[in-house]
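A.B. asks: If you're matching positions, the sequence shown starts at 9 in my numbering and goes up one per residue.
Ideal Cβ placement from N, Cα and C applies to all residues, glycine included.
Only a predicted model underlies this, so the values are computations on that prediction, with no experimental measurement involved.
Pasting a structure here, questions to come.
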Amino acid sequence: MTRQAEQVLSLEGLTKAYPGVLACDDISFSIGRGEIHALLGENGAGKSTLVKMIYGLVAPDSGRMTLEGRPFAPPEPRAARAAGVAMVFQHFSLFDALSVAENIALGMEEAPPPRRLAARIREVSELYGLPLDPARTVGTLSAGERQRVEIVRCLLQEPRLLIMDEPTSVLTPQEVEILFETLRRLAQDGTAILYISHKLEEIRALCDSATILRRGQVVATCTPAETTAREMAEMMVGASFAAVERAPRATGEVVLEARGLSAPAPGAFGTPLRDISFSLRAGEVLGLGGVAGNGQDELLAALAGERPSPRGMLFLDGQDIGRLGPQTRRAQGLATAPEERLGHAAAPEMSLTENGLLTAAQSRGLLRRGFIDWPGARRFAEAVISRFDVRTPGPQAAARALSGGNLQKFVIGREIAQRPRVLAVNQPTWGVDAAAAAAIRQALLDMAAQGAAILVISQDLDELFEVADRFGALVGGRLSEIRPMAELSLERVGLMMGGAHDMEVAHVG
Ligand SMILES: Nc1ncnc2c1ncn2[C@@H]1O[C@H](COP(=O)(O)OP(=O)(O)OP(=O)(O)O)[C@@H](O)[C@H]1O
9 MTRQAEQVLS LEGLTKAYPG VLACDDISFS IGRGEIHALL GENGAGKSTL
59 VKMIYGLVAP DSGRMTLEGR PFAPPEPRAA RAAGVAMVFQ HFSLFDALSV
109 AENIALGMEE APPPRRLAAR IREVSELYGL PLDPARTVGT LSAGERQRVE
159 IVRCLLQEPR LLIMDEPTSV LTPQEVEILF ETLRRLAQDG TAILYISHKL
209 EEIRALCDSA TILRRGQVVA TCTPAETTAR EMAEMMVGAS FAAVERAPRA
259 TGEVVLEARG LSAPAPGAFG TPLRDISFSL RAGEVLGLGG VAGNGQDELL
309 AALAGERPSP RGMLFLDGQD IGRLGPQTRR AQGLATAPEE RLGHAAAPEM
359 SLTENGLLTA AQSRGLLRRG FIDWPGARRF AEAVISRFDV RTPGPQAAAR
409 ALSGGNLQKF VIGREIAQRP RVLAVNQPTW GVDAAAAAAI RQALLDMAAQ
459 GAAILVISQD LDELFEVADR FGALVGGRLS EIRPMAELSL ERVGLMMGGA
509 HDMEVAHVG
């Protein structure tokens with residue numbers, strides 16, 4: 009076999025510019041048959057743009073691609089799929105009300121008759137250790153199971169190249185193990201895998217090789233198993249960065265308290281909150297873990313005041329705040345940042361200046377007698393951009409033009425910069441690179457050291473180990489017993505989050 013034939017995908021000089029940024033600058037590398045190849049880079053380095061070119065979502069300005077030895081220039085995703093490229097996105101694109109099989113059929117060019125399709129789904133899912141019931145309604149599935157639907161949908165195409173964009177951010181440690189087994193099996197069968205993640209320890213465990221991008225260029229390649237996570241992170245950033253430091257802290261009075269907080273599910277597939285109780289003291293970081301869809305969003309909405317709570321369930325400084333709206337709660341010192349950054353935390357078409365105003369108008373005095381202080385709003389956005397190293401041409405940029413991680417830095421930075429007394433955040437470093445994640449975590453710890461009370465809801469267990477003093481798990485809208493983080497192991501935490509249950513499910517079939 010010639011070397012050419014062993015390459016599944018080769019990229020030569022791929023380049024793509026957006027106004028003001030060279031997102032991909034002369035990128036060349038190849039992925040071989042059966043190779044699991046990591047694509048690493050800090051936020052805005054150009055990873056998404058590169059895979060969008062491979063998947064036919066974005067046309068390169070220049071450069072060439074070769075797939076299985078043939079010239080490859082997909083004008084649209086359908087063409088990329090037909091040529092053997094499959095992609096599992098960060099955000100699942102499934103319809104809750106439809107069954108697994110119906111969802112899969114929707115994504116297929118020519119779906120076989122339902123019975124044949126159901127049989128194929130069973131076959132593929134069993135072959136790769138991804139048990140799935142084709143008749144189940146997607147709305148009832150866990151995040152891990154939804155991801156299986158997406159993966160099985162890809163595998164039915166028998167792809168030559170599978171692209172995975174941050175696939176583990178919604179999984180328990182046990183589910184991650186199962187996913188890795190599947191990917192290794194696929195690689196053994198010859199599939200090439202391009203794997204994007206900011207979780208460097210996972211890259212070390214899984215990937216054969218890595219290409220590292222910085223500011224649109226390939227700056228290094230490495231063998232992840234032979235490189236430390238810190239070395240990889242430093243190659244991405246091009247410098248060393250400070251590790252998160254936990255200063256000793258004194259805790260004060262209880263500032264935020266939930267007493268039997270309950271709420272019905274917000275919609276057909278939301279999660280009800282069931283009898284949630286916790287207290288949070290000044291100077292303390294309480295971490296709540298859980299697999300996506302176990303009440304995280306609903307809890308944050310209840311704390312934010314997006315949904316009012318009955319009397320007697322939610323207290324700030326001993327005052328019942330259940331009936332207060334979001335702005336009043338903010339004015340009293342309780343700030344929140346929801347998980348979904350585009351649409352919920354930020355308005356996509358609005359500039360960063362306007363997005364800053366959305367939550368900071370009051371605390372920063374940017375509204376005077378009904379008039380907006382635009383220069384002040386711009387300065388606030390600029391301050392957030394510079395302190396949190398948000399990579400963007402400037403505060404006039406629209407939120408949607410930022411890379412995912414950079415928008416996340418802005419949305420969280422906007423809250424931290426207002427110095428609230430109590431801050432509740434959901435997934436504060438979701439999609440954020442290692443250096444920026446360390447900076448955000450450090451900012452949260454510094455706030456606590458200065459006496460703020462912090463509630464961190466996260467699916468990233470390393471993050472919770474790094475910042476939280478105490479830990480509780482959200483499972484089905486209930487909160488487990490809260491334990492000191494120092495007493496818990498990673499495995500124990502995984503089990504508290506329901507990992508044991510998922511393991512059982514996964515071993516059926
Ligand atoms: N539609 C767009 N319009 C303008 N600029 C864009 C657009 N999409 C991406 N960019 C810019 O291109 C650069 C590369 O972004 P890209 O999303 O590829 O980065 P990334 O490495 O995937 O980042 P992350 O890890 O944050 O997802 C960034 O500077 C980004 O702001």
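Given a cut-off of 8 Å on the beta-carbon distance, is the pair residue 375 and residue 369 in contact?
C.D. replies: yes
A.B. asks: Would you give the residue range spanned by the alpha helix (DSSP H) that residue 518 belongs to?
C.D. replies: Residue 518 falls outside the range modelled here, since the chain spans only 9 to 517, and no answer is possible.
A.B. asks: Below 7 Å, is the gap between the Cβ of residue 227 and the nearest heavy atom of ligand 1?
C.D. replies: no
A.B. asks: Assign residue 19 to buried or exposed, taking buried as 16 or more other Cβ atoms, counted over all protein chains shown, within 10 Å of its Cβ.
C.D. replies: buried
A.B. asks: Closest by CA to residue 296, which one among 38, 490, 275?
C.D. replies: 490
A.B. asks: Closer than 7 Å by C-beta to residue 119: which residues in its own chain qualify, once you throw out the five before and the five after it? Chain order, please.
C.D. replies: 113, 125
A.B. asks: Taking the CB atoms as reference points, tell me whether residue 449 and residue 475 lie closer together than 8 Å.
C.D. replies: yes
A.B. asks: Less than 8 Å between C-beta atoms, sequence neighbours within five positions excluded: which residues of the same chain meet that for residue 229?
C.D. replies: 37, 217, 218, 219, 220
A.B. asks: For residue 95, does the three-state DSSP call read helix, strand or coil?
C.D. replies: strand
A.B. asks: If you measure between the beta carbons of residue 485 and residue 276, is that distance less than 8 Å?
C.D. replies: In this structure, residue 276 does not lie closer than 8 Å to residue 485 by Cβ.
A.B. asks: Rounded to the nearest angstrom, how far is the Cβ of residue 75 from that of residue 92, given a contact under 8 Å?
C.D. replies: 7 Å
A.B. asks: Three or more C-beta pairs under 8 Å: does that hold for the region 181-201 against the region 25-35?
C.D. replies: At 8 Å Cβ cutoff, the stretches do not touch.
A.B. asks: Do residue 342 and residue 310 count as a contact pair if the criterion is CB distance below 8 Å?
C.D. replies: Contact flag unset, no.
A.B. asks: Could you please give me the residues that DSSP links to residue 284 through a beta bridge?
C.D. replies: According to the DSSP secondary-structure assignment, residue 284 is paired through a beta bridge with 269.
A.B. asks: Find the nearest neighbour of residue 145 within the set 293, 127, 156, 108, judged by alpha-carbon distance.
C.D. replies: 108
A.B. asks: What do you reckon, is the C-beta of residue 55 under 7 Å from a heavy atom of ligand 1?
C.D. replies: Yes, since a heavy atom of ligand 1 falls inside the 7 Å radius drawn around the Cβ of residue 55.
A.B. asks: Rounded to whole angstroms, what is the Cα-Cα separation between residue 515 and residue 139?
C.D. replies: Any reading at residue 515 needs caution, since the residue's pLDDT is 35, under 50, leaving its predicted position unreliable; the model's value is listed next. Near 8 Å, if we compare the C-alpha coordinates of residue 139 and residue 515.
A.B. asks: Quick check on this structure: which residue in 133, 155, 207, 215 has the alpha carbon closest to the alpha carbon of residue 200?
C.D. replies: 215
A.B. asks: In chain order, what are the residue ranges of uninterrupted beta strand (DSSP E) at least 3 long that sit wholly in the region 316-364?
C.D. replies: Runs of the beta strand (DSSP E) inside the region 316-364: 322-324, 342-345.
A.B. asks: So, at 8 Å on beta carbons, what are the nonlocal neighbours of residue 512 in its own chain, with the 5 sequence-adjacent residues on each side left out?
C.D. replies: Residue placement at residue 512 cannot be trusted, given a pLDDT of 36 that sits under 50; what the coordinates show is reported in the next sentence. Once the five neighbours on either side are set aside, residue 512 has no close Cβ partner at all.
A.B. asks: Report yes or no: do the region 244-257 and the region 68-84 share at least 3 C-beta pairs separated by less than 8 Å?
C.D. replies: no
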